[in-house]
Amino acid sequence: MGRVSELMDELTVCGHLAAARVRSEMQYRLSFALQIVGTFGFYTIYFLSIFILFGHFETMGGWRVGEIAFLFGLAGLSFGIAHMVAGGFASFSDLIVRGEFDRVLLRPVGAILQVIATGVQLRNLGDVLQGMVVLGVALRLVAIDWTLGRLLYFPVVVLSIALLFVSLFALQATLCFWTTEATEVANAFTYGGRDLARYPIHIFDGWLRRLFLFVIPVGLVVYAPSLYLLDKTDPLDLPTWTRFVAPVAGLAFALLAGAAWRLGVRHYRSTGT
Amino acid sequence: MAAPLIVARDLSKTFLVARRRGGALGALRGLVDRGGTEVHAVAGVSFGVGRGELLAFVGPNGAGKSTTIKMLTGILVPSAGEATVDGLVPWKQRKRLARRIGVVFGQRTQLWWDLPLIESLELLRHVYRVPADRFRSNLAAMRELLALDPFLATPVRQLSLGQRMRGDLAAAVLHDPPLLYLDEPTIGLDLVAKARVREFLAEINRDRGVTVLLTTHDLADVEALCRRMIVIDRGRLLYDGAIDDLRRRYGTHRTLVVDRDGGAWDVAPPLPGAELVKTEGPRAWLRFDRQKVSAADLIAAVAAGAPLRDVAIEEPAIEEIVRRIYGEGTGAAVAEDARSGRTASSGGTLPADEPDRDAPRIIPRSP
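Read top to bottom, the protein sequences are chains A and B.
Using the working numbering, the letters of the first sequence map in sequence onto residues 1 to 273.
Using the working numbering, the letters of the second sequence map in sequence onto residues 1001 to 1367.
Here you go:
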């Protein structure tokens, strides 16, 4: 019980820290607004270019434009949520290089919670909004049979994908305890994973597909649940249970990231003053 | 006296400095192949700090001062040795310890850069869960002691360095920590701001009983504030004791300053057991070893040569003494230097001194 109330207290503190972070962001209103508008515009044009391509061919790997839009929106919305929450992990190497992680360790609040709360990036709202708009377009183009199961599973999928991405950002941040020079490589799995998850994964070649299905399961958690939600047949013949494995994958990666993080903090070297 | 607040025993921290490789592939290889050079940032440091003490860690850049403090706050996990702070093992009970310590880094602020100072202090109230009435009375005390009112509503990024440091000092003690660590708290400050910081530290040590442990380059801080100092270099303790003892033990040379009456020193004054440092018009500086010649004899001898108007005796500056202690270590540390690639500090030898009975600890340097 003591642990639960302790956690609740820490979450309250983190609420204050996150609010302060947002107030800090709001000090630069123009830059804040431009980032949201910019991100929104960028992905809208990106999406329109795909839309235009579909004027020339009807389907992509057997998926029609509305279904691709669904993947695009689902991946964008989920990633956007993760990107807002995990901004502190995404820019964690700066915290390490500037020695500011010292201060995190000097406060009576869990380090992971602090990094999340003090790194909230409300300016990544553009990703989220754009994902929602594209999902809206998709739902107009595709008639989803909204059974109760699908209705309940859809938000779970969104949160599971977001959790997986947050965990990947956390793993990327953990790497910084050993080296701050490899973040570019990790970006291939986070940002790269998002871009890849926007397409039906069976259109990709062997090793790339296996990597994002089974190792860094970004593809799996977007593609497989979409098969269920859109009622599509799967040319890859993945077992049916994989369509419901997204929450498990998200939680497993969260636990993995947590364990790696604790190991990393013990290796933290700080910087000379 | 009650149990000491800090106990450190053979505390050590060894860093592995990896070879640099270029590019992302190189960085990945660096993860796998941990080959590199070992640097002993702190190599077996032991000391205790009692409640209510105000002491300084002194040493050149890279001596291991900050690393030692970071182990005592729980930021770094030591490679070897043990320590307790207020009965807690810092790196194992970091969060619990965090409530009982305040930490100020002179070069980095803990305040929220884009928010007004008062908002940072309010946030820290939540972070440390300070009861509202306690916070109110502490804030009132700090506003007066550190004269915060003129810039309480100013965003931290617009504060001067001195103002920011005052804000940081307030931030560090709002939760009533019994122990305050400060890493270079006066660095970069002008004389007025430095004096204010020192006054503040002396006051919270005296009035609130806060134990203060500070690292500094500025020996004027030490002379103004501390009774005890720990000299550290190349990760080892070189001296741990009272400042007065240090001066008595190493500061055998003093300087006699004499002003002669009428005219400049055309001829050098007589020097029984002393050497002439310099003359400037009617004033002359004579350096003498108080074990070879007494001040009275020297003054008498000088006065016999020329009429004097004024005399004064200057004690050696701590700075000079510390420089000589650093010099002591250079011989044995050569092998270590070769490994870590650091340059030795300027040389110098210690006077052969007879040991005092209650001498402070001079820690021998083992290779």
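Every residue, glycine too, gets a C-beta built ideally from N, C-alpha and C.
All figures in this text were calculated on a predicted structure; none of them were measured in a lab.
{"Query": "The region 1244-1260 of chain B / the region 1300-1311 of chain B touching (three or more Cβ pairs under 8 angstroms)", "Result": "yes"}
{"Query": "DSSP three-state assignment for Phe54 of chain A, whether helix, strand or coil", "Result": "coil"}
{"Query": "Residues of its chain near Ser270 of chain A, where Cβ-Cβ distance is below 7 angstroms and the 5 sequence neighbours each way are ignored", "Result": "Gly99, Asp102"}
{"Query": "Distance CB(Leu1174 of chain B)-CB(Phe1135 of chain B) smaller than 8 angstroms", "Result": "yes"}
{"Query": "Cβ-Cβ distance between Val1045 of chain B and Ala1003 of chain B below 8 angstroms", "Result": "no"}
{"Query": "Test: Asp1233 of chain B CB closer than 8 angstroms to a CB of chain A", "Result": "no"}
{"Query": "Same chain, Cβ closer than 6 angstroms to Arg23 of chain A, five either side skipped, listed in chain order", "Result": "none"}
{"Query": "Residues that DSSP places opposite Ala33 of chain A in a beta bridge", "Result": "None, per the DSSP bridge assignment."}
{"Query": "Proximity test, Ala1171 of chain B beta-carbon vs the ligand GDP heavy atom, cut-off 7 angstroms", "Result": "The ligand GDP is not part of the structure shown, which contains no ligands of any sort."}
{"Query": "Val265 of chain A versus Ala1224 of chain B: straight-line alpha-carbon distance, rounded", "Result": "38 angstroms"}
{"Query": "Minimum C-alpha distance to Gly76 of chain A - residue among A:Ile116, A:Ser91, A:Val133, A:Leu34", "Result": "A:Val133"}
{"Query": "Contact list for the region 1072-1083 of chain B against chain A, Cβ threshold 7 angstroms", "Result": "Thr1073, Gly1074, Ile1075, Leu1076, Val1077"}
{"Query": "Span of the alpha helix (DSSP H), counted from its first residue to its last, around His16 of chain A", "Result": "2-26"}
{"Query": "Continuous alpha helix (DSSP H) stretch holding Ser1066 of chain B: start and end", "Result": "1065-1073"}
{"Query": "Own chain residues within Cβ distance below 6 angstroms of Ser1066 of chain B, not counting five before or after", "Result": "Asp1183"}
{"Query": "Interface flag, Tyr153 of chain A vs chain B, CB-CB below 8 angstroms", "Result": "no"}
{"Query": "Minimum Cβ-Cβ distance from Val120 of chain A to chain B less than 8 angstroms", "Result": "no"}
{"Query": "Separation of Arg1206 of chain B from Ser1346 of chain B, as counted between CA atoms", "Result": "Legend: pLDDT at Ser1346 of chain B = 33, less than 50; position of this residue unreliable, value from coordinates given subsequently. Cα to Cα, Ser1346 of chain B sits roughly 37 angstroms from Arg1206 of chain B."}
{"Query": "Inter-stretch contact (C-beta, 8 angstroms, three-pair minimum) for the region 1231-1248 of chain B and the region 1282-1289 of chain B", "Result": "no"}
{"Query": "Other residues of its chain near Leu17 of chain A: CB distance less than 7 angstroms, five sequence neighbours each side excluded", "Result": "Gln114, Ala117, Thr118"}
{"Query": "Terminal residues of the beta strand (DSSP E) in which Arg1309 of chain B lies", "Result": "1308-1314"}
{"Query": "Asp1310 of chain B classed as buried or exposed, judged by whether at least 16 other C-beta atoms fall within 10 angstroms", "Result": "exposed"}
{"Query": "Short CB-CB distance (under 8 angstroms) between Arg1094 of chain B and chain A", "Result": "yes"}
{"Query": "Counted within 10 angstroms of its Cβ, other Cβ atoms place Arg21 of chain A as buried (16 or more) or exposed", "Result": "buried"}
{"Query": "Cβ contact (3+ pairs, closer than 8 angstroms) linking the region 1008-1017 of chain B and the region 248-268 of chain A", "Result": "no"}
{"Query": "Cutoff 8 angstroms; reference Leu11 of chain A; Cβ partners in own chain excluding five residues on either side", "Result": "Leu113"}
{"Query": "Cβ pair Leu125 of chain A, Ile45 of chain A closer than 8 angstroms", "Result": "no"}
{"Query": "Stretch-stretch touch, CB-based, cutoff 8 angstroms, three pairs: the region 1150-1170 of chain B with the region 1178-1198 of chain B", "Result": "yes"}
{"Query": "Local conformation of Ser1079 of chain B per DSSP, three classes", "Result": "coil"}
{"Query": "Nearest to Arg1208 of chain B (by Cα), restricted to the options B:Arg1096, B:Phe1015, B:Pro1178, B:Val1042", "Result": "B:Pro1178"}
{"Query": "Interface flag, Val1127 of chain B vs chain A, CB-CB below 8 angstroms", "Result": "yes"}
{"Query": "CB contact check: Leu1179 of chain B to chain A, cutoff 8 angstroms", "Result": "no"}
{"Query": "Three-state class that DSSP yields for Thr1330 of chain B in the structure shown", "Result": "Reliability of the predicted coordinates at Thr1330 of chain B is poor, the pLDDT of 45 falling under 50, and the value obtained from them is presented with this limitation in mind. Thr1330 of chain B: coil per DSSP, three-state reduction."}
{"Query": "Sheet register partners of Asp1168 of chain B (DSSP bridge)", "Result": "Asp1168 of chain B pairs with nothing; no bridge assigned."}
{"Query": "Within chain B, the residues that Val13 of chain A reaches when beta carbons sit closer than 7 angstroms", "Result": "His1126, Val1127"}
{"Query": "8 angstroms contact criterion, which Gly1064 of chain B and Ala1041 of chain B should meet: CB distance rounded", "Result": "5 angstroms"}
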